[in-house]
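A.B. asks: Residue numbers (the numbering used here), protein chains in the order written: chain F, 30 to 176; chain X, 30 to 176; chain G, 45 to 120; chain Y, 45 to 120. Even glycine gets a Cβ: it sits at the ideal position worked out from N, Cα and C.
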Amino acid sequence: MKERKLKNIFVHGPVAASFIADSIQKHSIKTEIGGHSIFLGQVRADTIDGKKVASIEYTAYEEMALEKMHAIREGMFAKYDLICMHVYHSLGIVRAGEISLFVFTSSVHRKAAINACEETVERLKAELPVWGKELFEDETWQWKKNN
Amino acid sequence: MKERKLKNIFVHGPVAASFIADSIQKHSIKTEIGGHSIFLGQVRADTIDGKKVASIEYTAYEEMALEKMHAIREGMFAKYDLICMHVYHSLGIVRAGEISLFVFTSSVHRKAAINACEETVERLKAELPVWGKELFEDETWQWKKNN
Amino acid sequence: MPLNIIIFGQLTDITGSSLSLDNISDTDNLVRELNKRYPALAGKKYVVAVDKQVVTTNTVLTNNDTVALLPPFSGG
Amino acid sequence: MPLNIIIFGQLTDITGSSLSLDNISDTDNLVRELNKRYPALAGKKYVVAVDKQVVTTNTVLTNNDTVALLPPFSGG
């Protein structure tokens with residue numbers, strides 16, 4: 030197995046749709062790929078006690094998160110027959126309706142990409158030291174809880 | 030449950046990355062969405078008996094495929110708590126490295142979108158009357174077989 | 045009035061993409077007649093759809109029916 | 045030389061984003077000292093990471109260690 034170096038996953042602000050399109054387009058030269066699986070996390074305008082979430086502000090223990098993500102990535106390449114895997118997570122403010130998480134896996138046959146994508150989403154939500162602060166429209170806030 | 034009308038899923042030629050980006054972008058106004066799951070089928074440059082696949086030419090029994098897809102879609106909305114579901118399949122020539130299938134599901138919580146996307150891909154491959162003809166670089170061809 | 049049949053996928057290599065046949069009463073009769081005219085079809089895997097529904101038992105046909113021969117699907 | 049501690053998420057509401065404490069020998073000692081200085085911390089759920097690894101048993105600390113307090117993660 031080839032060694033993969035520590036990759037940065039953090040982007041400041043939302044993940045733009047055009048960035049996702051560019052990522053997809055770049056894979057057209059990898060003609061051994063038969064299937065891509067993508068997960069996108071979008072910030073919800075939840076209403077909590079009558080107050081609406083306007084945005085989430087993300088912070089992370091970046092050095093630790095990158096090491097954890099590296100371990101997750103290595104685990105996925107060991108477990109599934111993947112060709113590529115890319116993960117991007119927002120830091121800072123992401124408004125309701127914008128994308129804060131982009132997980133992108135590719136494989137020859139679809140199952141590997143689909144399973145690896147789903148498992149990566151579960152693992153990174155459980156294992157990456159990242160925190161979201163839900164900012165309400167009235168400028169009050171609360172810390173996000175993952176389910 | 031609201032009634033959904035028969036939607037066209039067929040596009041001529043490949044699904045462009047910019048089209049996928051536009052689809053994603055359109056969902057930013059649906060601020061109740063928390064997760065999107067996307068599957069993309071990409072044409073592989075498989076080598077068969079020393080000949081390389083240059084493209085796949087897709088044909089379909091369109092009227093029947095749209096009815097079948099409608100039934101699959103209704104089944105998914107009944108089974109999973111989905112907000113949106115979009116499916117696009119190519120007809121005609123799609124070259125190796127290009128996208129021929131785009132399945133896009135969205136939900137409040139990620140599991141519904143992820144499960145519905147995977148199940149839709151499996152069902153449409155099994156149930157839609159669509160055929161691929163693998164065109165080799167030397168201009169010979171063979172009919173594609175799904176696994 | 046003849047029965048019109050539409051053909052898809054690899055079967056079109058044998059029959060072309062459409063056929064007209066006279067005096068076809070039901071789907072069993074259709075398959076027998078097709079095998080007589082196109083011996084290469086006999087070894088092929090396909091299902092018959094009548095009015096966009098795959099039929100699994102012998103089904104009476106009228107000239108208003110849309111009949112289609114569908115080899116294994118390979119979309120996606 | 046004091047031990048430097050970095051703090052994340054909801055815990056920063058209580059302690060701010062960093063702390064320096066003297067005479068901390070191990071992680072049990074650290075938690076006791078934190079609870080004394082910041083009683084509000086005592087009821088909070090969090091783990092201690094030493095050099096980017098979560099520790100689950102009492103761990104000896106030196107001033108070269110990077111110590112972090114991590115409340116439940118909520119990324120994605």
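1. Could you give the distance in angstroms between the alpha-carbon of Lys81 of chain X and the alpha-carbon of Val137 of chain F?
2. Quick one, are the C-beta atoms of Thr85 of chain G and Ile50 of chain G less than 8 angstroms apart?
3. Just how far apart, CA to CA, sit Glu92 of chain F and Val72 of chain X?
4. By how many angstroms is the C-alpha of Phe48 of chain F removed from the C-alpha of Pro115 of chain Y?
5. I'd like to know if Met114 of chain F contacts chain Y, where contact means its C-beta is closer than 8 angstroms to some C-beta of that chain.
6. Compute the Euclidean distance between the alpha carbons of Ser61 of chain Y and Lys97 of chain F, then round it to the nearest angstrom.
7. Just to confirm my understanding: we take Arg152 of chain X, look at its own chain, exclude 5 residues before and 5 after, and list those with CB closer than 6 angstroms. What are they?
8. Please tell me whether Leu105 of chain G has its Cβ less than 8 angstroms away from any Cβ of chain X.
9. Tell me which residues share the same chain as Phe106 of chain F and place their Cβ nearer than 6 angstroms to its Cβ, disregarding the 5 neighbours each side in the sequence.
10. For a contact defined as C-beta to C-beta under 7 angstroms, what are the partners of His118 of chain F on chain Y?
11. Taking the alpha-carbon positions, what's the Gly120 of chain G to Tyr90 of chain X distance?
12. Give the interface partners of Ala84 of chain Y over in chain F, defined as CB-CB distance under 8 angstroms, in chain order.
13. Taking the C-alpha atoms as reference points, what is the distance between Ser84 of chain X and Leu111 of chain F?
14. Does DSSP classify Thr76 of chain X as helix, strand or coil?
15. Please decide whether Gly53 of chain Y counts as near chain F, where near means a Cβ-Cβ distance under 8 angstroms.
16. Any beta carbon from chain Y within less than 8 angstroms of Met93 of chain F's own beta carbon?
17. Please list the segments of the beta strand (DSSP E) lying wholly inside the region 82–157 of chain X, counting only runs of 3 or more residues, in order along the chain.
18. Leaving out five residues on either side along the sequence, give the residues of the same chain with a beta carbon under 8 angstroms from the beta carbon of Glu77 of chain Y.
19. Using a Cβ-Cβ cut-off of less than 8 angstroms, list which residues of the region 88–99 of chain Y approach chain F; keep chain order.
20. Return helix, strand or coil for Ser52 of chain F, following the three-state DSSP convention.
21. May I ask you to report which of helix, strand or coil DSSP gives Glu77 of chain G?
22. Start and end of the alpha helix (DSSP H) containing Ile62 of chain F?
23. In angstroms with no decimal places, state the Cα-to-Cα distance between Cys113 of chain X and Val75 of chain G.
24. Bridge partners of Thr93 of chain G, per DSSP?
25. I'd like the list of long-range same chain contacts for Asn144 of chain F, defined as Cβ closer than 8 angstroms, with 5 residues on each side in sequence excluded.
C.D. replies: In terms of the structure at hand:
1. 15 angstroms
2. According to the sequence shown, residue 85 of chain G is Leu rather than Thr. Contact flag unset, no.
3. 38 angstroms
4. The alpha-carbon separation between Pro115 of chain Y and Phe48 of chain F amounts to approximately 31 angstroms.
5. no
6. 21 angstroms
7. Ile101
8. no
9. none
10. Gly119
11. 14 angstroms
12. By Cβ distance, chain F contributes nothing, its closest Cβ being about 14 angstroms from Ala84 of chain Y, past 8 angstroms.
13. 23 angstroms
14. strand
15. yes
16. For Met93 of chain F, the answer is yes, since a Cβ of chain Y falls inside 8 angstroms of its Cβ.
17. 111–124 and 128–136
18. Leu65 and Ile68
19. Ala93 and Lys96
20. helix
21. helix
22. No residue range can be given for Ile62 of chain F, since it is assigned to no alpha helix (DSSP H) and is classified by DSSP as neither H nor E.
23. 42 angstroms
24. Inspection of the sequence shows that residue 93 of chain G is occupied by Ala rather than by Thr. Answer is G:Val98 and G:Ala112.
25. Tyr109
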